[in-house]
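Colleague: Quick one: structure below, then a few questions.
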Amino acid sequence: MAKTKGYLVDTTKCIACRGCVVACKQWNQLPAEQTRFTGSYQTVPDLTGNTFTIISFHEYEEDGRIRWYFAKRQCMHCLEPVCMKVCPQKAISITDTGAVVRDNDKCVGCQYCAAACPFHIPRYNPTTDKETKCSLCAERTAEGDLPACVKACITGALEYGNRDELLAKAKERVNNLIGDYPNANVYGETQAGGTNILYVLADVPGKYGFEEDPKVSTAITAWQNVIKPYFPWLIALTAAGSIFSFFSTRLLKVGKEAHEGESLHG
Amino acid sequence: MAEEKRILKCSTGARMVHWSHTICWFILLLTGLVMFSGWFDWLKPVFGGTNGANLIHRIFALVFVAVPLIGLVLKPRSFIGWMKEAAKWGKDEIKFMMMFPLDFIGIKVHMPPQDRINAGQKFNSFFFPIIGFFIALSGFVMWFAESFPLWMVRLAYPVHDICWILGTAQLCFHAYLGSLHPGSGEAFWAMFGDGKVRASWAKHHHTKWYEQVCGKE
Chain A
0 MAKTKGYLVD TTKCIACRGC VVACKQWNQL PAEQTRFTGS YQTVPDLTGN
50 TFTIISFHEY EEDGRIRWYF AKRQCMHCLE PVCMKVCPQK AISITDTGAV
100 VRDNDKCVGC QYCAAACPFH IPRYNPTTDK ETKCSLCAER TAEGDLPACV
150 KACITGALEY GNRDELLAKA KERVNNLIGD YPNANVYGET QAGGTNILYV
200 LADVPGKYGF EEDPKVSTAI TAWQNVIKPY FPWLIALTAA GSIFSFFSTR
250 LLKVGKEAHE GESLHG
Chain B
0 MAEEKRILKC STGARMVHWS HTICWFILLL TGLVMFSGWF DWLKPVFGGT
50 NGANLIHRIF ALVFVAVPLI GLVLKPRSFI GWMKEAAKWG KDEIKFMMMF
100 PLDFIGIKVH MPPQDRINAG QKFNSFFFPI IGFFIALSGF VMWFAESFPL
150 WMVRLAYPVH DICWILGTAQ LCFHAYLGSL HPGSGEAFWA MFGDGKVRAS
200 WAKHHHTKWY EQVCGKE
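Chains A and B supply the protein sequences, listed in that same order.
Here the first sequence is numbered in numbering that gives the first Met the number 0, starting from 0 and rising by one per residue.
Here the second sequence is numbered in numbering that gives the first Met the number 0, starting from 0 and rising by one per residue.
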C-alpha cells in the first residue's frame with residue numbers, strides 16, 4: 000500500500016482540554032448539543048451525528064490514588080475499512096493519503112457501515128438522514144494544512160504525519176514509558192488490520208474503553224465475500240431450470256400422455 | 000357436453016393471503032434490491048429515490064407481517080388445518096418428491112396419489128412461512144438496530160439476504176410449476192381464479208383428496 004498518513008494520539012501527553020473537540024466542531028460547522036451532568040468530567044457522553052470526536056474519561060483507583068485515562072475517540076481510518084466494503088452506494092472511499100472519507104451526496108443513511116465498523120464509529124444524523132464520521136480533515140490535509148484537531152492540540156499529544164514514521168515514534172515512546180508504565184503499548188498497529196490513527200496507551204486498551212483486539216465480524220465478512228457475490232446466482236439457476244423444464248416437457252410431450260389429453264392451461 | 004363438476008380447492012381466505020403476499024413479495028424485492036446493490040440503481044426513480052424505496056419497503060414489510068396474522072386471527076381453523084395437512088407426510092409424499100425431478104424435465108412417471116396439496120406444495124407450505132418468518136425477524140432487527148446488541152444486527156444482514164435469495168429462487172420454481180408446467184393450469188386458476196378446479200383434474204392430480212370429497216367410485 001502506498002504511504003498513508005494519519006496522526007498519533009499520545010495519551011500520556013493529553014490533558015483532556017478538549018480543544019480538539021471544539022476545533023472539530025468549528026471546522027465541520029457542527030451544532031452544539033445539550034448534555035446532562037452524569038457525575039463524570041466527560042462533557043460529551045458519546046459520538047453523535049453532530050460530534051465526530053470526543054475525549055472519553057476513565058477513572059480508576061490504583062495503589063490508593065486516582066488515575067485518569069483520557070482517550071480521544073474518532074474514526075480510526077482503517078487501512079482496510081469494512082465500512083467502505085459494506086456501503087451499497089459506494090459512498091465511502093480512501094483518499095491518496097489513506098483517509099477514509101464519505102461522499103455526503105451518495106450516502107443514503109442505511110447505516111450498514113455503523114453495524115459493520117469494528118470500532119463502532121459511524122453515527123446516524125436523523126436531521127440530515129446521513130451517517131457521519133471524522134474525515135481526517137481530508138480537505139485540509141489536501142491543501143497541506145493539519146487536521147483541525149491536531150492543529151488545536153496544545154500539548155503535542157496529537158501529531159500528524161506519515162504512518163510508518165509515527166509508528167516508529169510511538170514504539171520509541173512506549174519504550175521510554177515502559178519503566179513507569181509496564182503495560183504501555185501501541186494501539187492501531189495491528190488492530191482491525193491496522194489503522195492510520197495510532198495511539199500510545201499507558202495501560203491496557205480496556206482501561207481506555209478500547210477493545211483489545213477489535214475484529215471485523217465473521218457475519219459481515221461472510222455476508223460481503225460469499226453471500227452477496229454468489230448467492231444471487233441461485234435465483235438465476237432456478238429461473239433457468241424452469242425455462243429448461245418449460246421446453247423439455249413440451250418436447251417430450253409428457254403433458255399429453257400423462258395428463259390424458261387435458262389442456263395445458265386449464 | 001354438460002358443464003363439468005368443479006370443486007373448491009383454495010378458500011377465499013387462502014387466496015387473499017396468497018395474493019397479498021405475492022404483491023408484497025415483489026414490491027419488497029424490488030425496493031430491497033435498490034439497497035442491495037448498485038446494479039439496480041435504475042430502479043430508484045420508480046420508487047422516488049432511495050428514501051422512497053426505503054419507506055415503501057417498510058410499509059410493505061408491515062403488510063407482509065400483518066397479512067398472515069390477520070388470516071390466522073380471522074380463520075384460525077383453516078390456518079391450522081392447512082398446517083396439519085402440510086405436516087402429513089407418508090410414503091406417497093416421499094415417493095412424489097423422489098420422482099419429481101423426472102416429471103420436472105418431462106419424463107413420463109406415474110405419481111403416487113396425493114392429498115389436496117401435493118408433496119411439493121406441502122414442502123412450500125413450510126418453506127415460505129419459515130423464510131418469511133426469518134426475513135421479518137431479521138428485518139425487524141435491522142429496522143430497530145439501536146435496540147438490539149451489535150452481534151444481532153451484524154447477523155441480521157446476512158440472514159435477511161440468504162432468506163430473500165432462497166425465497167426468490169424457490170419462487171421461480173413455484174411460479175413456473177404453478178402456471179406453465181404441463182397440467183398446472185387448473186391449479187393456477189384455483190389460486191388466482193374462483194378457487195375451484197375441475198373434478199376430473201382433481202381426480203388425476205389429487206386422488207386422495209378427490210376421493211375424500213367425491214367418494215370412491
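Don't be surprised by glycine CBs; every beta carbon is placed ideally from N, CA and C.
Can you name the start and end residues of the alpha helix (DSSP H) that lysine 218 (chain B) belongs to?
Modeller: With chain B covering only 0 through 216, there is no way to say anything about residue 218 (chain B).
Colleague: Assuming aspartate 114 (chain B) contacts tryptophan 200 (chain B) (C-beta within less than 8 Å), just tell me the rounded distance between them.
Modeller: No, aspartate 114 (chain B) and tryptophan 200 (chain B) are not in contact; Cβ-Cβ is about 15 Å, not under 8 Å.
Colleague: Tell me the residue span of the alpha helix (DSSP H) that contains alanine 155 (chain B).
Modeller: That run of the alpha helix (DSSP H) goes 149-176.
Colleague: Assuming arginine 14 (chain B) contacts glycine 194 (chain B) under a Cβ cut-off of 8 Å, what Cβ separation, rounded to an integer in Å, is found between them?
Modeller: At roughly 6 Å, the Cβ-Cβ gap stays under 8 Å, so arginine 14 (chain B) and glycine 194 (chain B) are in contact.
Colleague: Return the residues of the region 18-49 of chain B that lie within a Cβ-Cβ distance of less than 7 Å from chain A, sorted by chain order.
Modeller: Under the 7 Å Cβ criterion, the region 18-49 of chain B contributes Met34, Phe35, Ser36, Gly37, Thr49.
Colleague: Taking phenylalanine 125 (chain B) as the reference, which of B:Leu101, B:Ser77, B:Met82 has the closest Cα?
Modeller: Checking every option, the nearest Cα to that of phenylalanine 125 (chain B) belongs to B:Met82.
Colleague: Which of the three DSSP states is assigned to valine 8 (chain A) in this structure?
Modeller: Note: valine 8 (chain A) maps to strand in three-state DSSP.
Colleague: When the Cα atoms are used, what is the spatial distance from aspartate 212 (chain A) to glutamine 88 (chain A)?
Modeller: Spanning the two alpha carbons is a distance of roughly 29 Å.
Colleague: Using a 10 Å radius around the Cβ and a threshold of 16 neighbouring Cβ atoms, would you call tryptophan 222 (chain A) buried or exposed?
Modeller: The residue in question, tryptophan 222 (chain A), is buried, as its Cβ has 16 or more Cβ neighbours within 10 Å.
Colleague: Per the contact definition of three or more C-beta pairs closer than 8 Å, is the region 134-149 of chain A in contact with the region 1-14 of chain A?
Modeller: Touching, per the Cβ criterion.
Colleague: Expressed to the nearest angstrom, what Euclidean distance is found between the alpha-carbon atoms of lysine 90 (chain B) and proline 112 (chain B)?
Modeller: Going by the C-alpha atoms only, they are around 10 Å apart.
Colleague: Do lysine 12 (chain A) and glycine 187 (chain A) come within 8 Å of each other at the CB atom, strictly closer than that value?
Modeller: The answer is no: Cβ separation not under 8 Å.
Colleague: Beta carbons nearer than 7 Å to chain A: which residues of the region 91-123 of chain B have them?
Modeller: Per Cβ criterion, the list reads Phe103, Ile104, Gly105, Ile106, Lys107.
Colleague: Nearest by alpha-carbon distance to glycine 18 (chain A): which of A:Thr42, A:Arg35, A:Ser247 is it?
Modeller: For the residues A:Thr42, A:Arg35, A:Ser247, the minimum Cα distance to glycine 18 (chain A) belongs to A:Thr42.
Colleague: Considering Cα atoms alone, identify which of A:Glu158, A:Asn49, A:Tyr40 is closest to glutamine 25 (chain A).
Modeller: The option with the nearest alpha carbon to glutamine 25 (chain A) is A:Asn49.
Colleague: Hey, is the region 9-25 of chain B in contact with the region 63-70 of chain B, meaning 3+ C-beta pairs nearer than 8 Å?
Modeller: A contact exists between the region 9-25 of chain B and the region 63-70 of chain B.
Colleague: Taking only beta-carbon atoms, is leucine 54 (chain B) less than 8 Å away from chain A?
Modeller: Chain A contact via Cβ: absent.
Colleague: Cβ of glycine 128 (chain A) less than 8 Å from any chain B Cβ?
Modeller: Per the sequence shown, the amino acid found at residue 128 (chain A) is aspartate instead of glycine. Chain B, which has a Cβ nearer than 8 Å to the Cβ of aspartate 128 (chain A), makes this yes.
Colleague: Got a sec, what are the start and stop residues for the alpha helix (DSSP H) tryptophan 232 (chain A) sits in?
Modeller: Segment 232-251, the alpha helix (DSSP H) holding tryptophan 232 (chain A).
Colleague: Just checking my contact of isoleucine 106 (chain B) with alanine 85 (chain B) at CB under 8 Å: how many whole Å lie between their CB atoms?
Modeller: About 27 Å separates the two Cβ atoms, so there is no contact after all.
Colleague: Give me the DSSP bridge partner(s) of threonine 131 (chain A).
Modeller: Its beta-bridge partners are A:Arg122.
Colleague: Against chain A, with Cβ distances strictly below 8 Å, would isoleucine 58 (chain B) count as a contact?
Modeller: So, not an interface residue.
Colleague: What whole-angstrom Cβ distance do isoleucine 6 (chain B) and valine 212 (chain B) have, given they're in contact under 8 Å?
Modeller: Rounded, the Cβ-Cβ distance is 6 Å, consistent with contact.
Colleague: Please determine, among B:Ala155, B:Gln120, B:Met98, the residue with the shortest C-alpha to C-alpha distance to glutamine 110 (chain A).
Modeller: The residue with the shortest Cα to Cα distance from glutamine 110 (chain A) is B:Ala155.
Colleague: Is there a C-beta anywhere in chain A that falls below 8 Å from the one on alanine 201 (chain B)?
Modeller: Output row for alanine 201 (chain B): interface = no.
Colleague: Measuring CA to CA, which of B:Lys121, B:Met97, B:Phe191, B:Leu101 is closest to threonine 21 (chain B)?
Modeller: Selected option, being the one with the closest Cα: B:Phe191.
Colleague: If we define contact as Cβ-Cβ less than 8 Å, is valine 16 (chain B) a contact residue for chain A?
Modeller: Chain A, which has no Cβ nearer than 8 Å to the Cβ of valine 16 (chain B), makes this no.
Colleague: Return helix, strand or coil for cysteine 106 (chain A), following the three-state DSSP convention.
Modeller: Here cysteine 106 (chain A) sits in coil by DSSP.
Colleague: What is the residue span of the alpha helix (DSSP H) that asparagine 50 (chain B) lies within?
Modeller: Residues 48-73.
Colleague: Could you tell me whether the region 236-244 of chain A touches the region 97-106 of chain B, where touching means 3 or more Cβ pairs closer than 8 Å?
Modeller: Judged by Cβ distances under 8 Å, the region 236-244 of chain A makes contact with the region 97-106 of chain B, as three or more pairs qualify.
Colleague: Between phenylalanine 118 (chain A) and chain B, is there a C-beta pair that is closer than 8 Å?
Modeller: Cβ-Cβ to chain B under 8 Å: no for phenylalanine 118 (chain A).
Colleague: If you draw a straight line from the C-alpha of threonine 167 (chain B) to the C-alpha of methionine 97 (chain B), how long is it?
Modeller: Whole-angstrom Cα-Cα distance: 23 Å.
Colleague: Applying the criterion that 16 or more other CB atoms from any shown protein chain within 10 Å of the CB defines a buried residue, is valine 45 (chain B) buried or exposed?
Modeller: Burial call: exposed.
Colleague: Once DSSP output is grouped into helix, strand and coil, what is the label at glutamate 261 (chain A)?
Modeller: In this prediction, glutamate 261 (chain A) scores a pLDDT of 45, lower than 50, which makes its location untrustworthy; no coordinate-derived value is stated.
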